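Working notes, beginning with the structure itself.
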Amino acid sequence: MKEALLSVSAALVAAIVIMILHELPKSIIYCVRSLAEWKEQPNYELRRKRTARDICKLWKYIDPIGLLLCVTSYSGFSKPYMYRMKDRKTNKIAGFTGFLMLLLIAVLNILIIRTQFIATDVTDITKVHSNITILLSFYFFYFMAYISMNMLLINLIPISTFDMGLLIAGYSPSKYFSIIKNDHYIKLILLFTVLLGIISTISGLILNTLLVI
1131 MKEALLSVSA ALVAAIVIMI LHELPKSIIY CVRSLAEWKE QPNYELRRKR
1181 TARDICKLWK YIDPIGLLLC VTSYSGFSKP YMYRMKDRKT NKIAGFTGFL
1231 MLLLIAVLNI LIIRTQFIAT DVTDITKVHS NITILLSFYF FYFMAYISMN
1281 MLLINLIPIS TFDMGLLIAG YSPSKYFSII KNDHYIKLIL LFTVLLGIIS
1331 TISGLILNTL LVI
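Heads up: the sequence shown begins at 1131 in the numbering used here, then just goes up one per residue.
Written out as structure tokens, the structure reads:
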């Protein structure tokens, strides 16, 4: 019971941290690149301050359904800042940034697990299970790696608000409009892949392989 509670708590916190780290850099990119476009407008200062305030409201990046899926199946998604990017280059940069952030989160946490847990005597089962702090730390770093890998795979699905959607908008606006038209069907496919455990199984195999190499 204690371990289950620690596991759920660690997954919950890890999911929230990942969602914020995934979306915040994209929002900052949007804000910075939009400043030049807004500069000639009379309400420039107002828009700049309002946008800066909005992107700093970190709780807005937490998607309730995505968070629930992260805790139950470890495969969820974050809520992007509702920006309208007309510039194709900005879409590309934001899309690549989202993928890069998720990849960095996964790699860094895999390295932490390998160096701080696997490479030391902390992996002794008795020692880990008797020390709540160590166990909670292990769960947190493990779920940071696991959930970010799942989220990376999920963002490969061409949904309009996901990283792949941003890349498609950057490279081919006409194809982007076609995925907007089929958004509901694509989201249903995503939901089935998550509920069937397809995404978590794939990333679990990758993660466990990387941890034992």
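Note that beta-carbon positions come from the ideal geometry of N, C-alpha and C, so glycine has one too.
Computed from a prediction, not measured in an experiment: that's the story for all the values here.
Residue i vs residue j beta-carbon contact at 7 Å
i     : j     : result
I1328 : A1145 : no
V1324 : S1137 : no
I1148 : I1284 : no
M1281 : L1232 : yes
I1242 : F1271 : yes
S1308 : S1205 : no
F1273 : A1134 : no
N1221 : L1286 : no
Y1306 : I1316 : no
I1240 : L1340 : yes
C1161 : T1181 : yes
K1209 : D1184 : no
I1159 : Y1191 : no
L1337 : A1275 : yes
Boundaries of the alpha helix (DSSP H) in which residue i is found, first to last residue
i     : result
V1192 : According to the sequence provided, residue 1192 is Ile. The question's Val does not apply to it. Taken as a continuous stretch (DSSP letters only), I1192 belongs to no alpha helix (DSSP H), as it is neither H nor E.
N1338 : I1328 to V1342
K1216 : Premise fails: K1216 is in no alpha helix (DSSP H) and is neither H nor E.
K1317 : D1313 to L1325
Nearest-angstrom Cβ-Cβ length linking residue i and residue j, presumed shorter than 8 Å
i     : j     : result
F1207 : G1225 : Actually they do not touch by this definition, with Cβ atoms about 14 Å apart.
T1364 : K1156 : Any question about residue 1364 goes unanswered here, given that the chain covers just 1131 to 1343.
R1218 : G1334 : Between G1334 and R1218 the Cβ distance is about 36 Å, and since that is not below 8 Å, they are no contact.
F1268 : F1247 : 6 Å
Fill in: Complete alpha helix (DSSP H) runs within the segment 1242-1311 (minimum length 4 residues, chain order)
1255-1260, 1262-1284, 1293-1301 and 1303-1311
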